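Participant: For reference, the structure I am asking about is given below.
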Amino acid sequence: MVAAGLIGGGAGFGGAYAALGTTGSAPLSSVANSGASAQVGNGTIAGAAAAIAPSTVDIRVRAAQGTIEGSGVVLTSDGAVLTNNHLLTRAGSEISVSTADGTRYRAKVVGTSPSYDLAVIRLLGASNLKAATFGEASSVQVGQQVVATGSPQGLSGTVTAGIVSALNRTVTAGDGGGTRVVYNGLQTDAPINRGNSGGPLVNLAGQVIGINSAIATTGRSPGSIGLGFAVPVNTAKRVAQELMSSGVATKPQLGVQGTASPARHAENSTSNKAETSSEAGGARVDTVQSGTPAATAGVKTGDVITKIDNYPVADFEDLIARVGNFTPGQQVTLTIGSNARQVPVKLGNVQDTETANVQTGPRTTPENPGWGIPDHPRGPGLFGVDPFRTRSYL
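Structure follows, in structure tokens:
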């Protein structure tokens with residue numbers, strides 16, 4: 362099986378966005394660093410849970426197929442809430458949000474970021490909400506204790522705890538319906554289940570360090586097996602601020618298309634680069650888009666990218682995730698080929714209106730757009746939380 366993806370440009374990281382206005386929002390940076398007024402955990406699980414509870418909300422989206430349930434985290438006192446994009450892809454006319462004190466609001470979509478599975482919604486008529494405090498990605502360490510809050514299976518106010526299991530994990534998540542999201546994730550063993558999607562993962566100070574988005578399953582059970590994944594805080598903060606400011610998020614552009622390792626998806630859709638990196642040997646470039654940063658830097662068809670800065674690249678999906686973890690306009694260095702040729706590249710800046718086109722069969726062409734990697738019933742898989750699938754989104 363072959364997975365193909367185009368980084369930036371026409372087929373970026375899928376989906377669409379809705380820009381419905383952001384009037385009255387305070388900048389995320391001022392909320393995240395509000396200091397004195399922010400309730401901070403006391404270094405215990407109970408303290409962290411108490412700190413983040415007022416900023417965690419329950420989200421219900423009424424769709425034609427039924428009601429989709431998820432979670433979110435309050436960004437501003439006047440009702441901006443960060444959640445997962447995949448909760449909104451089947452959205453009907455109603456989004457209902459309940460805060461920790463039981464108050465229920467109608468909400469509208471401000472903007473979505475399909476590539477990072479993030480979205481901002483606004484609670485209509487809200488005021489005096491408790492905005493969450495956001496931590497720094499540089500302070501997150503493997504092994505540190507973390508707390509997840511949200512509404513798994515509709516049970517609002519649920520608190521679970523665990524540790525950070527890994528950083529910079531390439532996550533390929535989907536709902537079985539074709540679309541896949543590839544991002545650089547934070548891995549945790551804190552139990553998260555369907556309904557936790559969009560909820561916060563926090564440190565023991567009660568600061569948000571990730572947005573819960575996907576879980577690995579065995580293929581026989583849709584529940585937690587101790588392998589959960591969150592969008593890291595550095596990405597979440599940048600995207601949230603852009604969505605609140607303009608309703609549109611951006612993403613870095615490299616400008617190449619290529620194929621993932623066939624072994625990567627031979628039996629399952631689990632992203633486990635610790636096992637495959639030595640076999641995959643890098644991301645082979647099939648096409649370089651004219652006029653893109655890659656073309657300007659001299660990247661050629663047939664090149665095999667093995668590193669971006671100091672991050673090893675196992676295959677093309679790894680490259681998508683690694684590029685997505687940088688910011689638009691950032692200078693990076695590609696390591697190419699067995700001779701480790703060093704190629705400096707300044708990443709471009711494009712609007713995030715669709716995800717990487719990950720598919721089976723021939724790589725994408727205008728005549729053969731294709732979407733998705735089929736489910737593999739025999740093997741484990743990574744899935745986000747979608748209540749209409751047996752193996753499902755959180």
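No gaps in the numbering here: position 203 of the sequence shown is 564 in my numbering, and each next residue is one more. Where is the CB? At the ideal position from N, CA and C, for every residue including glycine. Quantities reported herein were computed from a predicted structural model and do not represent experimental measurements.
If distances are taken between C-alpha atoms only, which option among ILE666, GLY619, GLN614 comes closest to ASP713?
Facilitator: In the sequence shown, the residue the question calls residue 713 occupies position 352. With distances taken between Cα atoms, ASP713 lies closest to GLN614.
Participant: Tell me, to the nearest whole angstrom, how far the beta carbon of VAL458 is from that of LEU484; I am working on the premise that it is less than 8 angstroms.
Facilitator: Residue 458 sits at position 97 when you count from the first residue of the sequence shown. Residue 484 sits at position 123 when you count from the first residue of the sequence shown. VAL458 to LEU484, Cβ: 5 angstroms. Contact.
Participant: Determine the closest residue to GLY693 out of THR510, GLY685, ASP679, LEU708, with distance taken between C-alpha atoms.
Facilitator: The residue given as residue 693 occupies position 332 in the sequence shown. Here residue 693 turns out to be Val, not Gly, going by the sequence shown. Among THR510, GLY685, ASP679, LEU708, the Cα nearest to that of VAL693 is on LEU708.
Participant: Which ranges would you report for the alpha helix (DSSP H) in the region 409 to 445 if only whole runs of at least 4 residues count?
Facilitator: Complete alpha helix (DSSP H) runs here, min 4: none at all.
Participant: Applying the 10 Å Cβ sphere with the 16-neighbour rule, what's the burial state of PRO475?
Facilitator: Mapped onto the sequence shown, residue 475 falls at position 114. With 16 or more Cβ atoms within 10 Å of its Cβ, PRO475 is classed as buried.
Participant: What's the gap between the Cα of LEU565 and the Cα of LEU479?
Facilitator: Here residue 565 refers to the residue found at position 204 when the sequence shown is read from its first residue. Here residue 479 refers to the residue found at position 118 when the sequence shown is read from its first residue. Roughly 24 angstroms between the two C-alpha positions.
Participant: Tell me the DSSP secondary structure of LEU389 in three-state form.
Facilitator: One-based indexing of the sequence shown puts residue 389 at position 28. Here the model assigns LEU389 a pLDDT of 47, short of 50, so the residue's position is not dependable and the matter cannot be decided.
Participant: Since PRO654 sits in a beta bridge, which residues does DSSP pair it with?
Facilitator: Residue mapping note: residue 654 aligns to position 293 of the sequence shown, counting from 1. Answer is none; PRO654 lacks a bridge partner.
Participant: DSSP state of ILE572, grouped into three classes?
Facilitator: Indexing the sequence shown from 1 puts residue 572 at position 211. Of the three classes helix, strand and coil, the one that applies to ILE572 here is strand, per DSSP.
Participant: Check ASN554 in the structure and name its three-state DSSP category.
Facilitator: Position 193 of the sequence shown, counted from the start, is the residue given in the question as residue 554. Coil, per DSSP.
Participant: Which parts of the region 473 to 545 are runs of the beta strand (DSSP E), unbroken and 3 residues or longer, counting only runs that do not cross its ends?
Facilitator: 479 to 484, 506 to 511, 519 to 535
Participant: For ALA393, which residues in the same chain have their Cβ closer than 7 angstroms to its Cβ, ignoring the five residues on either side in sequence?
Facilitator: Stepping through the sequence shown from its first residue, residue 393 is reached at position 32. Since pLDDT at ALA393 reaches only 44, below the 50 mark, its modelled position is unreliable, and no value is offered.
Participant: Got a sec, what are the start and stop residues for the alpha helix (DSSP H) GLN691 sits in?
Facilitator: Position 330 of the sequence shown, counted from the start, is the residue given in the question as residue 691. Segment: none, GLN691 is in no alpha helix (DSSP H) and carries neither H nor E.
Participant: May I have the straight-line CA-CA distance separating ARG756 from TYR466, to the nearest angstrom?
Facilitator: The requested residue 756 is not part of the displayed model; the chain covers only 362 to 755.
Participant: What residue from ASN446, ARG702, SER512 has the CA that sits closest to ILE661's CA?
Facilitator: Counting from 1 along the sequence shown, the entry for residue 661 is found at position 300. Checking the sequence shown, residue 661 turns out to be Lys, not Ile. Closest by alpha carbon: ARG702.
Participant: Give every residue of the same chain whose Cβ lies closer than 6 angstroms to the Cβ of ALA409, excluding the five residues on either side of it in the sequence, and list them in chain order.
Facilitator: Indexing the sequence shown from 1 puts residue 409 at position 48. Spatial neighbours of ALA409 in its own chain (CB-CB distance under 6 angstroms, excluding positions within 5 residues in sequence) are listed in chain order as GLY402, VAL508, VAL563, LEU565, GLY567.
Participant: Can you tell me whether THR696 is helix, strand or coil according to DSSP?
Facilitator: One-based indexing of the sequence shown puts residue 696 at position 335. Looking at THR696 - three-state DSSP - the assignment turns out to be strand.
Participant: If you run the structure through DSSP and keep just helix, strand and coil, what is ALA610?
Facilitator: The sequence position of residue 610 within the sequence shown is 249, counting from 1. The answer is coil: DSSP assigns ALA610 none of H, G, I, E or B.
Participant: So, under 8 angstroms CB-CB, THR620 and ASP647 are touching, yes? Tell me the CB distance rounded to an integer number of Å.
Facilitator: Taking the first residue of the sequence shown as position 1, residue 620 is located at position 259. Taking the first residue of the sequence shown as position 1, residue 647 is located at position 286. Between ASP647 and THR620 the Cβ distance is about 6 angstroms, and since that is below 8 angstroms, they are a contact.
Participant: For the beta strand (DSSP E) that contains LEU706, what are its first and last residues?
Facilitator: Your numbering for residue 706 matches position 345 in the sequence shown. For the record, residue 706 in the displayed sequence is Val; it is not Leu. DSSP places VAL706 in the uninterrupted beta strand (DSSP E) bounded by 702 to 707.
Participant: In its own chain, which residues sit with a C-beta less than 6 angstroms from the C-beta of ARG451, not counting the 5 before and 5 after it?
Facilitator: For this step, residue 451 is matched to residue 90 along the sequence shown. So the qualifying residues of the chain are ALA424.
Participant: If we call anything under 8 angstroms between Cβ atoms a contact, is ALA441 one with MET605?
Facilitator: As a position in the sequence shown, residue 441 is number 80, starting the count at 1. As a position in the sequence shown, residue 605 is number 244, starting the count at 1. In this structure, MET605 lies closer than 8 angstroms to ALA441 by Cβ.
Participant: Between which two residues does the beta strand (DSSP E) containing ILE669 stretch?
Facilitator: Sequence index remark: in the sequence shown, residue 669 carries index 308 (1-based). Note, ILE669: beta strand (DSSP E), 665 to 669.
Participant: Measure the alpha-carbon distance for GLN650 versus THR657 and round it to whole angstroms.
Facilitator: Working through the sequence shown from its first residue, we reach residue 650 at position 289. Working through the sequence shown from its first residue, we reach residue 657 at position 296. Whole-angstrom Cα-Cα distance: 10 angstroms.
Participant: Excluding the 5 residues flanking THR464 on each side, which residues of the same chain have their C-beta closer than 6 angstroms to its C-beta?
Facilitator: Working through the sequence shown from its first residue, we reach residue 464 at position 103. Excluding sequence neighbours, THR464 sits near nothing in its chain.
Participant: Who does LEU680 pair with in a DSSP beta bridge?
Facilitator: Here residue 680 refers to the residue found at position 319 of the sequence shown. None, per the DSSP bridge assignment.
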